[in-house]
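J.: According to the numbering used here, the sequence shown is numbered sequentially starting from 45. In this text, a Cβ means the ideal position worked out from N, Cα and C, and glycines have one as well.
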Amino acid sequence: MLSAVLGAIPAQAQEEFPFGFLMTLDAARMPGSKRIPSLEIGDNGEVVLELWCNGGRGQFSVADNTIIFVPGAMENRNCPPDRAQADSDLLAALGEATTWRRQGDLVTFTGSKSLRFQINTN
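In structure tokens, the structure reads:
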């Protein structure tokens, strides 16, 4: 019984929100690009975003499995229209996310769309 209890402790620790980690969107690269969007989440929920083309900052607020994302200032780079639209869509989906779930190194934000991110552990 003791081993069952001790075995459950690391699983609980893995289910915490990934403050202090860099995560990459679980998506294929866009044609002609090497970039995949990433979120670098600070210890207090501050976020550095690198999207399909643009980048910027934002803030996550987390309570249990509820999440609120507020985008901050975005750097407008010279983006092709398809990547600019993909950036806007991704920001909108993050802003509409209301819940999150973590399973190991995968974090899913759910709202009007589900967005899955891989925690970079290397």
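1. Report the option in P125, A136, I163, G89 whose CA atom is closest to the CA atom of M74.
2. Could you spell out where the alpha helix (DSSP H) holding R127 opens and where it closes?
3. Flag this pair as touching only if the stretch 145-152 and the stretch 116-133 have three or more C-beta atom pairs under 8 Å; answer yes or no.
4. According to the neighbour-count rule (16 or more other Cβ atoms, all chains shown, within 10 Å of its Cβ), is D131 buried or exposed?
5. So is V91 buried or exposed if we call it buried at 16+ other beta carbons inside 10 Å?
6. When burial is assigned at 16 or more other CB atoms within 10 Å of the CB, is F63 buried or exposed?
7. In chain order, what residues of the same chain lie with their CB nearer than 7 Å to the CB of Q162, ignoring the 5 residues before and after it?
8. Look up E90 in the DSSP assignment and give the residues it is bridged to.
T.: Answer, in terms of the structure:
1. P125
2. 125-140
3. no
4. buried
5. buried
6. exposed
7. M67, T68, D70, D149, L150
8. Q103
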